[in-house]
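Read the structure below first, then the notes.
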Amino acid sequence: MDTERGTADNPWGLEPLLDVGELAGYLGVPVSTVYDWRTRGLGPRAYRFGKHLKFAVSDVRIWVEQQRDTEPPASSGRR
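Reminder that position 28 of the sequence shown reads as 28 in UniProt numbering, one-by-one numbering, no gaps.
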């Protein structure tokens, strides 16, 4: 992502940040799950601005990739 030049949607040229609700919606989990992950040290890295948490899109992408199940599905022997 080119962060040097701004665009009409992002005039500062900064990486987009997601709030807790946006992250939960993207992942398809309740907001409470995102907060639970934070208290347990799980989930993507976040920035804190006062009482607000923000998640960089690049950090979310990295974290999502780390969650990929590398094990093949267990075969049940059925076809």
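Glycine included, C-beta positions come from ideal geometry on N, C-alpha and C.
Selection D19, A74, R40 evaluated against V31 yields D19 as nearest (Cα-Cα). As summarised for the UniProt domain "Helix-turn-helix" (17-68), the continuous alpha helix (DSSP H) elements at least 4 residues long and confined to that stretch are 20-27, 31-39, 57-66, given in chain order. Rounded to whole angstroms, the gap between the alpha carbons of R48 and L17 is 11 Å. Straight across, the Cα-Cα distance linking V64 with L27 is about 9 Å. Relative to the Cα of G43, the nearest Cα in the group Q67, T7, P11 belongs to Q67.
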